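Notes follow the structure.
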Amino acid sequence: MNTSNEKAATSYELYLRDLGYQVRELAIESKQVAAKTNSDFSIGYMAGFHRIVSLMQQQAKVFDIPLADIALDGIDPDSELV
């Protein structure tokens, strides 16, 4: 049984946390590939992740969802995905 401070994670919360984690990992990987190849495609691919991470973070703030809950805390797309 949950205490008053605990909350069972719903499938939606688990889905969003997992999605955020996977998006974050792919974004970091895209940055590494873009730095290595410097191709137009890899830079565009990274730019797409910049937009996705930014949008997910903005929407989380609108809905008062802590970024840690969706595994997108500690990543700054404006400095890390450009």
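In my numbering, each number is its position in the sequence shown, counted from 1, plus 107. Yeah, the Cβ is synthetic: ideal placement off N, Cα and C, and Gly gets one too. These figures come from a predicted structure and were not determined experimentally.
*According to the neighbour-count rule (16 or more other Cβ atoms, all chains shown, within 10 Å of its Cβ), is P184 buried or exposed?*
buried
*Expressed to the nearest angstrom, what Euclidean distance is found between the alpha-carbon atoms of R158 and S146?*
19 Å
*Since M153 and L179 are thought to touch, with beta carbons under 8 Å apart, how far apart are those beta carbons, to the nearest angstrom?*
Not a contact, Cβ separation roughly 16 Å.
*asked:* Let me see if you follow: with CB-CB separation under 8 Å, is G151 close to chain B or not?
replied: Protein chain content of the structure displayed is limited to a single chain, and chain B is not contained in it.
_Reference Q165; option with closest CA among Q139, G151, G127 and S137_ = G127
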